[in-house]
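Contents: one structure, followed by commentary.
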Amino acid sequence: MLSAAAVLAAGAAGLFLYGWLEAGWLRTRVLEVPLRGLPEALDGMRIAHLSDFHLGAPLSRGSRASERAARWVARRRPGVVCITGDLVSHPRGERRLRALLARLERPFVVLGNHDVAVTRDPFSRAAELRDLEHTRLLSDEAIVLELAGERCAIVGVGPDSYRERRSRPDALPDERATFRLLLCHFPGIIDRVSPGSFDLILAGHLHAGQICLPLPGRRVTLAHPRAPFVAGLYRTPAGVMHVSPGTGTTFVPFRFFARPEVTELVLRRAI
């Protein structure tokens with residue numbers, strides 16, 4: 001008969017195995033996003049949102065999930081591809097990152113805190129990502145492009161300016177733009193822009209909590225128990241925000257009740 005210690009050890013091993021497996025259990029999601037004032041020509045526009053690859057993190061199956069996410073996006077060929085930071089956790093992930101990015105159609109990219117090693121994660125190291133070919137890397141700047149005949153502004157916030165509280169993204173979009181999209185690794189950017197500054201805001205950072213407890217009627221995220229915006233769509237004064245669960249892991253190579261996800265956002269005119 002097994003001792004109590006043996007039963008506990010087996011249970012713990014099973015729990016850790018599940019968490020390690022969940023870290024690679026990618027969810028692919030298509031999500032409709034109603035937006036007030038969306039030009040008719042942009043109704044149905046598809047935007048892929050990826051985040052938090054954390055490539056180079058030791059033992060993490062998130063690397064596999066990230067590569068599967070990139071292949072899924074490449075097959076679907078959305079109108080715009082956006083990646084909201086924490087691309088790598090260590091320089092050893094750079095080669096894998098560049099191969100992943102080469103699959104995608106010129107994504108718009110912002111960096112996150114792990115990309116510049118501003119983190120408490122002891123395994124994280126800064127990487128040189130300022131020359132990412134195959135991408136349009138945005139750091140406190142705006143790009144104007146034409147989509148379906150509409151003038152669209154895409155604004156990106158860098159991790160350094162966000163941390164130093166000197167980013168002013170709402171001052172960057174072209175005033176003639178009929179659609180304004182903001183990319184920032186941190187969901188907290190919504191507290192630093194004027195109401196109605198953007199039509200859509202994309203962020204990441206929180207990994208849907210990564211380690212969660214499913215309690216009756218709610219989930220408790222152990223890493224960020226007080227975070228108001230963890231994953232999904234939120235209507236905020238600054239604009240509608242989507243927070244990606246991301247595809248990688250940090251600190252530990254596990255996810256519990258917080259599956260990795262790649263999301264395709266389908267813009268819809270709100271009635």
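Here the working numbering is used: position 157 in the sequence shown is 157, and no number is missing along the way. Cβ atoms here follow ideal geometry from the backbone N, Cα and C, with glycine treated the same way.
Helix, strand or coil at E133 according to DSSP, with G and I counted as helix: coil
Taking buried to mean at least 16 other C-beta atoms within 10 Å of its own C-beta, is L100 buried or exposed? buried
Residues near P78 by beta carbon distance below 7 Å, same chain, minus five either side: R46, I47, A48 and E264
Quickly, what does DSSP pair C314 with across the bridge? List them, please. Past the boundaries of the shown model lies residue 314; the chain is included only from 1 to 271, so the question cannot be answered.
Report back the beta-carbon spacing between P159 and G85 to the nearest angstrom; my notes put them in contact at under 8 Å. 7 Å
Quick check on the DSSP output: what are the complete alpha helix (DSSP H) runs of length 4 or more inside the stretch 39-125, in order along the chain? 62-76 and 94-102
Sorted by chain position, which residues of the same chain lie with C-beta nearer than 8 Å to G149's C-beta, five sequence neighbours on each side aside? A41
Under three-state DSSP, which class holds A227? coil
R192 by DSSP, collapsed to three states: which one? helix
How long is the line joining the alpha carbons of R259 and H205, rounded to whole angstroms? 14 Å
Use the C-beta contact count for P58: other C-beta atoms within 10 angstroms, 16 or more gives buried, fewer gives exposed. exposed
Is the distance from the Cβ of L104 to the Cβ of L97 below 8 Å? no
Report the three-state DSSP secondary structure of L233 (helix, strand or coil). strand
Exposed unless 16 or more other CB atoms sit within 10 angstroms - verdict on D131: exposed
Rounded to whole angstroms, what's the CA-CA distance from V110 to L15? Just pull it up for me. 34 Å
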